[in-house]
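Engineer: So our numbering is basically just the index in the sequence shown, starting at one, shifted up by 50.
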Amino acid sequence: MTPRATYRVQLHRGFGFEDAAAIAGYLAELGVSHLYCSPYLQAAEGSTHGYDVVDPTRINEELGGADGHRRLTEALTSAGLGQVLDIVPNHMAIAGRQNRWWWDVLENGPSSPYAGFFDVDWDPPEHNLRNTVRLPILDDHYGHVLEAGRLSVERQGGEFTVRAGEHELPVSPGSLQILLGPAAESCGSDELAFLAESYARLPGPHVTDRQTLRVRHRDKEVLNRRLAQLIDSEPYVAGCIDRTIEAVNADGDRLHQLLERQNYRLAFWRTSGWEVSYRRFFDINSLAALRVEDPHVFDETHALVLRLVREGVVGGLRIDHPDGLRDPEDYFRRLRREAGETWIVAEKILSPGERLPLDWPVDGTTGYDFLNLAGGLFVNPAGGAPLQDAWAQFTGAAEDFAELAHRKKHQVIDDLLASDFNRLTEQLLRICEHNRRYRDYTRPELYRAIREAAACLPVYRTYASPERGTISDADRAALDKAFEEAAARQPDLDPELLDFLHRVLALEERGALEEDLAERFQQTSGPTVAKGVEDTAFYAHLRLVALNEVGGDPERFGVAPEEFHAAGTAAAAEWPAAMVASSTHDTKRSEDVRARLYLLSEMPGEWAAATARWAELNERHRVGGLPDRGAEYLLYQTLVGAHPLPCDRAQQYMLKAVREAKEHTSWSRPDEDYEAALAAFVAGILGDAEFTGDLDRFVAPLVEPGRGNSLAIKLLTLTAPGVPDVYQGSELWDLSLVDPDNRRPVDYSLRRRLLSDIGTLSVADVVRRADEGLPKLLVVQRALQLRRDRPQAFAGGYEALAATGSRAGHVVAFCRGGEVVTAVPRLSLSRGDGWGDTSLLLPPGRWTDVFSGARWEAGVSVGSLLHEFPVALLARGD
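1) Could you tell me the boundaries of the alpha helix (DSSP H) in which L787 lies?
2) Less than 9 Å between the C-beta atoms of Y418 and A631, yes or no?
3) Which two residues bound the contiguous beta strand (DSSP E) that contains R205?
4) Spatial neighbours of S856 within its chain, please: C-beta separation below 7 Å, excluding the five flanking residues on both sides.
5) Alpha carbon to alpha carbon, how far is E781 from L557? Give it in angstroms, no decimals.
6) Looking only at C-alpha atoms, which of A74, N158 and E656 sits nearest to R747?
7) Please report the Cβ distance between L466 and K581, rounded to the nearest whole angstrom; I am assuming they are in contact, meaning their Cβ atoms lie under 8 Å.
8) Leaving out the 5 sequence neighbours to the left and right, which residues in its chain are closer than 8 Å to A129 when beta-carbon positions are compared?
9) To the nearest angstrom, how far is the alpha carbon of C506 from that of P232?
10) Mark D171 as exposed unless 16 or more other C-beta atoms lie within 10 angstroms of its C-beta, in which case mark it buried.
11) Cα-Cα, which of E740, V874, L804 and I500 is closest to K764?
12) When the Cβ atoms of the segment 156-167 are set against those of the segment 312-323, are three or more pairs found closer than 8 Å?
13) Quick one: residues in its chain with C-beta nearer than 6 Å to the C-beta of D603, no 5 flanking neighbours on either side, listed in chain order?
14) Name the residue from S248, Q778 and D259 whose alpha carbon lies nearest to the alpha carbon of A70.
15) When the Cα of R63 is compared with those of G96, Y513 and G847, which residue comes out closest?
16) Here's the rule: buried if 16 or more other CB atoms are within 10 angstroms of the residue's CB, otherwise exposed. What is M51?
17) Tell me, which residues are paired with W906 by DSSP?
18) Extract the residue ranges of the alpha helix (DSSP H) inside the segment 312-387, only unbroken runs of 4 or more that lie entirely within it.
19) Report the residue ranges of all alpha helix (DSSP H) runs contained in full by the segment 109-137; include only those spanning at least 4 residues, in chain order.
20) Nearest to F471 by CA position, among L385, R386 and R570, is which residue?
21) Can you give me the Cβ contacts of A108 inside the same chain, cut-off strictly under 6 Å, excluding the 5 residues immediately before and after it?
22) Between which two residues does the beta strand (DSSP E) containing W393 stretch?
23) Please go through the same chain and pick out, in chain order, the residues whose beta-carbon is closer than 7 Å to the beta-carbon of L196, but skip the five residues on each side of it.
24) Here's a check: name, in chain order, each residue in its chain whose Cβ is nearer than 7 Å to the Cβ of A727, leaving out the five neighbours to either side.
25) Could you have a look at I399 and say whether DSSP puts it in helix, strand or coil?
26) Please report the residue range of the beta strand (DSSP E) in which E184 lies.
27) Taking the C-alpha atoms as reference points, what is the distance between L804 and V813?
28) I believe N181 touches H256 by the beta-carbon criterion, under 8 Å. Please report the beta-carbon distance rounded to the nearest angstrom.
29) Can you pull the DSSP bridge partners for D883?
30) Measure the alpha-carbon distance for A711 versus V155 and round it to whole angstroms.
31) Hey, how far is the Cα of L667 from the Cα of E652?
32) Quick check on the DSSP output: the beta strand (DSSP E) that includes D775 runs from which residue to which?
33) Evaluate S799 with the Cβ neighbour count: other Cβ atoms within 10 Å of its Cβ, from every protein chain shown; 16 or more gives buried, anything less gives exposed.
34) So, for C290: in the same chain, excluding its five sequence neighbours on each side, which residues have a beta-carbon less than 6 Å away from its beta-carbon?
35) With DSSP collapsed to three states, give me the class of Y510.
36) Name the residue from G608, V900 and Q702 whose alpha carbon lies nearest to the alpha carbon of A435.
Okay, here's the thing in structure tokens:
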């Protein structure tokens with residue numbers, strides 16, 4: 051069943067299943083049909099988000115475990131609510147022994163039954179690293195850490211582990227002879243000597259044929275049991291083993307000999323950009339990619355989720371990061387076969403102008419495309435050039451966004467994703483070596499060709515399928531555009547090489563190696579855009595940061611109502627059950643922060659004057675000329691958008707922002723002096739009464755129109771084609787910034803009380819209590835109530851309604867299913883006073899405003915329609 055509306059909650063140890071169960075009644079009264087949960091399969095200990103799953107076969111114990119989840123389900127069922135679950139098919143967290151599959155891979159190498167679960171390169175070009183997982187987990191170079199005595203072997207019973215700081219790793223069975231052999235000699239134990247020799251005779255970890263694997267696993271387990279029994283029954287033998295371990299730990303050469311026999315190679319974490327032998331989620335070393343394209347891996351990782359679906363416990367699935375999968379369409383077809391008619395939405399980020407493939411068996415995206423489209427309605431295109439000038443004048447540089455994004459993609463490829471691109475380069479090198487026309491190209495040339503193709507790709511990825519032998523016209527066009535731009539940007543690269551790579555990626559050159567490269571390139575181009583644009587360029591392009599949102603384009607300065615209506619008509623026809631959203635756990639700023647910042651596009655002159663004034667005033671708080679003007683400019687927009695913003699939250703946000711921008715500091719190379727100066731600057735200006743007083747005066751006249759924008763955006767989200775989602779807490783004003791700021795605790799006691807008040811108040815009372823958030827709560831509750839009462843209207847079509855008069859361009863209105871009309875104002879600062887002669891022609895019939903109770907027919911003055919409340923939602927009849 052398609053949900054009527056969802057309510058997203060972020061589950062963690064501080065807000066688990068019992069807490070979610072406690073708000074079931076409130077959510078039912080609010081009007082949603084489904085609780086939409088962040089991932090709740092077993093995640094790494096202390097996880098704050100659930101995307102770092104370590105065991106997909108169990109419910110997260112920190113949230114309350116299976117029993118807590120059962121009680122949540124019972125509470126939701128009693129309240130008439132269903133569940134939507136966010137799942138993570140692309141990767142797992144490799145948090146020590148918490149992930150038993152990865153632990154087994156480290157212990158047994160390619161011979162592990164789980165070796166095929168993870169995308170590990172067991173055959174790298176370096177011969178000495180074959181059949182080895184490179185682990186960049188050390189805080190310094192391996193030799194330094196070893197010589198400092200910060201690596202050691204430990205024993206618990208019959209189990210041996212390697213300790214590297216906070217990391218615990220298994221010891222390969224075949225290497226135990228290094229410990230057990232000398233121990234057996236020192237204590238004269240024939241049984242221990244036999245066990246040492248037996249471990250050494252186990253089939254090597256590189257052996258992968260099924261029969262040998264079965265024998266190896268059987269014998270290993272027998273040996274482990276006998277060793278544990280011997281240690282438990284013979285304290286003298288245990289003491290000899292411990293003394294041998296002490297001697298090995300004290301001798302760097304002997305310890306190095308043992309570590310060289312493991313199925314992993316320890317390395318300095320800074321090498322992770324260039325030398326990681328497993329595919330990761332973006333650049334996060336602790337998240338290893340899964341090979342879910344393997345049917346066995348799919349079955350093992352989805353068994354619990356699909357059981358919950360078949361039992362009717364879970365009624366919808368949100369699929370995280372499908373672009374990381376080898377073949378998303380194939381994955382969704384398999385999932386659809388197993389999940390039946392369950393509602394499925396894909397977290398597919400669409401670039402401007404890109405469309406979700408119509409042949410994917412999903413119900414749509416998770417709403418970022420709508421978020422950017424709806425927000426653009428409230429951006430005045432006339433403000434683009436003046437704001438560009440203001441930014442340039444303030445910072446001294448205002449780089450074209452396309453050029454900035456391209457430069458930042460290169461930066462993340464070379465700094466964060468180099469290991470992934472090295473792997474692609476090695477694959478292309480192997481292809482070229484088998485073709486006499488291309489075998490003389492060097493590694494640097496091949497690397498540059500692949501890097502430039504990825505940096506120029508206008509979308510996150512393409513979806514060419516070697517198995518089906520298909521590539522869509524849209525994907526072919528994207529590749530054509532990428533290689534045309536690559537050739538222009540790299541004129542010294544041989545055009546024949548670029549043309550060959552182009553043909554490989556477009557499936558015009560076939561073969562096992564070629565097809566593997568095409569699929570791996572597609573998996574890698576997505577992280578390039580995500581890290582280079584979303585997580586870097588968006589923190590460096592500062593003209594109007596409200597536009598720097600996932601799936602957005604900061605150069606798309608404003609959306610015309612006609613464009614919005616065309617998208618609504620298409621959505622109703624093609625994706626009527628897609629999710630629509632205005633705030634999510636991933637948005638850079640909440641809908642309310644963005645709504646206020648959009649106003650700057652209507653007042654660029656005032657904004658430029660204010661920032662110039664503030665810069666002069668706050669020069670006294672700078673330390674050694676720091677922070678830079680870009681960070682200062684971002685800070686002023688942030689303070690305006692989220693005002694009043696406490697100092698600690700402002701400092702935390704700015705630290706994340708400048709590290710993401712990667713201009714003066716970064717996560718991988720933090721500049722402590724710069725960051726300290728930035729923190730001091732934030733504290734200084736927010737403790738300066740002269741500045742904060744000026745800031746108060748600037749923001750005060752923006753509060754009401756900003757709230758008007760927010761109500762309009764919320765109502766559009768709740769009534770447009772699709773399934774609306776309400777992010778936790780956003781039913782009231784919520785001036786949150788990017789995570790973790792947007793995961794702060796939500797006061798549900800307050801929301802329950804205010805929701806109970808709504809039914810007893812007139813619309814005038816609600817407006818008078820605007821500071822409490824009642825207008826927004828009214829919009830959410832009444833819109834969701836109308837969706838519940840008139841499902842046929844919201845399942846119907848979309849009809850744009852035209853306004854006439856001098857201010858017709860300042861209202862957006864549409865009708866759903868012939869029964870419900872939404873009307874919202876836009877660009878309120880540019881409109882001037884009143885609505886003049888502007889009117890809206892309603893479809894025939896009598897209409898009642900669900901907010902004010904006012905009744906209307908045919909043509910209605912927009913000024914009258916919006917007189918009592920900032921937005922209107924009309925229902926046909928009484």
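Quick reminder that beta carbons are idealized off the backbone N, C-alpha and C, glycines included.
Structural biologist: Reading it off the structure:
1) Taking the sequence shown and counting its residues from 1, the one referred to as residue 787 is at position 737. Premise fails: L787 is in no alpha helix (DSSP H) and is neither H nor E.
2) As a first step, residue 418 is located in the sequence shown; it is residue number 368 there, counting from the start. As a first step, residue 631 is located in the sequence shown; it is residue number 581 there, counting from the start. Yes; because the gap between Cβ atoms is below 9 Å, this pair is in contact.
3) The residue labelled residue 205 in the question sits at position 155 within the sequence shown. From DSSP, the beta strand (DSSP E) with R205 extends over L201 to Q206.
4) Translated into the one-based positions of the sequence shown, residue 856 becomes position 806. Excluding sequence neighbours, S856 sits near G886, D887 and T888.
5) The residue you call residue 557 lines up with position 507 of the sequence shown. The residue you call residue 781 lines up with position 731 of the sequence shown. Their backbone Cα atoms lie some 48 Å apart in a straight line.
6) The residue labelled residue 747 in the question sits at position 697 within the sequence shown. The residue with the shortest Cα to Cα distance from R747 is E656.
7) Within the sequence shown, residue 466 is the residue found at index 416, counting from 1. Within the sequence shown, residue 581 is the residue found at index 531, counting from 1. With a Cβ gap of about 6 Å, L466 and K581 count as contacting.
8) For the purposes of this step, residue 129 is identified with residue 79 of the sequence shown, where counting begins at 1. Closer than 8 Å at Cβ, skipping near neighbours: A74, G75, L77 and A78.
9) Translated into the one-based positions of the sequence shown, residue 506 becomes position 456. Translated into the one-based positions of the sequence shown, residue 232 becomes position 182. Their backbone Cα atoms lie some 59 Å apart in a straight line.
10) Numbered from its first residue, the sequence shown carries residue 171 at position 121. Classification for D171: buried.
11) Stepping through the sequence shown from its first residue, residue 764 is reached at position 714. Cα-wise, what sits closest to K764 is V874.
12) yes
13) The sequence position of residue 603 within the sequence shown is 553, counting from 1. Cβ neighbours of D603 beyond the five flanking positions: P402.
14) Position 20 of the sequence shown holds residue 70. When each option's Cα is compared against that of A70, the closest is Q778.
15) What you label residue 63 is simply residue 13 of the sequence shown in a count that begins at 1. Taking only the C-alpha atoms, the option nearest R63 is G96.
16) Your numbering for residue 51 matches position 1 in the sequence shown. The residue is exposed, with fewer than 16 neighbouring Cβ atoms inside 10 Å.
17) In the sequence shown, residue 906 corresponds to position 856, counting from 1. According to DSSP, W906 bridges with W897.
18) Fully enclosed alpha helix (DSSP H) runs of 4 or longer: 345-360.
19) 115-128
20) As a working note, residue 471 is residue 421 in the sequence shown. When only C-alpha atoms are compared, the closest one is R570.
21) Locating residue 108 in the sequence shown gives position 58, where the first residue counts as 1. The amino acid occupying residue 108 in the given sequence is Arg; Ala does not appear at that position. If the five residues before and after R108 are omitted, its C-beta is found closer than 6 Å to the C-beta atoms of Q92, all from its own chain and listed in chain order.
22) Reading the sequence shown from its first residue, position 343 is the one you call residue 393. W393 to A396 is the span of the beta strand (DSSP E), which, as asked, contains W393.
23) To locate residue 196, count along the sequence shown from 1; it is residue 146. Close CB contacts of L196 within its chain, under the 7 Å cut and outside five residues either way in sequence, are with G302, L305 and H306 (chain order).
24) As a working mapping, residue 727 is identified with position 677 in the sequence shown. Within the same chain, A727 has close Cβ partners V673, G674, L676 and P677.
25) For the purposes of this step, residue 399 is taken as residue 349 along the sequence shown, with counting starting at 1. Coil at I399, not helix or strand.
26) Along the sequence shown, read from residue 1 onward, the residue named residue 184 stands at position 134. It should be pointed out that residue 184 corresponds to Arg in this sequence rather than to Glu. It spans V183 to L188 - the beta strand (DSSP E) in which R184 sits, taken as one unbroken run.
27) Reading the sequence shown from its first residue, position 754 is the one you call residue 804. Reading the sequence shown from its first residue, position 763 is the one you call residue 813. One C-alpha to the other measures close to 14 Å.
28) Your numbering for residue 181 matches position 131 in the sequence shown. Your numbering for residue 256 matches position 206 in the sequence shown. That pair is a contact at about 5 Å.
29) As a position in the sequence shown, residue 883 is number 833, starting the count at 1. None, per the DSSP bridge assignment.
30) As a position in the sequence shown, residue 711 is number 661, starting the count at 1. As a position in the sequence shown, residue 155 is number 105, starting the count at 1. Cα to Cα, A711 sits roughly 36 Å from V155.
31) Locating residue 667 in the sequence shown gives position 617, where the first residue counts as 1. Locating residue 652 in the sequence shown gives position 602, where the first residue counts as 1. About 25 Å.
32) By 1-based counting over the sequence shown, the position of residue 775 is 725. DSSP places D775 in the uninterrupted beta strand (DSSP E) bounded by V773 to Y777.
33) Here residue 799 refers to the residue found at position 749 of the sequence shown. S799 counts as exposed, since fewer than 16 other beta carbons sit within 10 angstroms of its beta carbon.
34) Position 240 of the sequence shown, counted from the first residue, corresponds to residue 290. If we look at C290 and ignore the five residues flanking it on each side, its Cβ neighbours are A233, S236 and C237.
35) The sequence position of residue 510 within the sequence shown is 460, counting from 1. Y510 falls in the coil class under three-state DSSP.
36) Locating residue 435 in the sequence shown gives position 385, where the first residue counts as 1. Nearest C-alpha to A435: G608.
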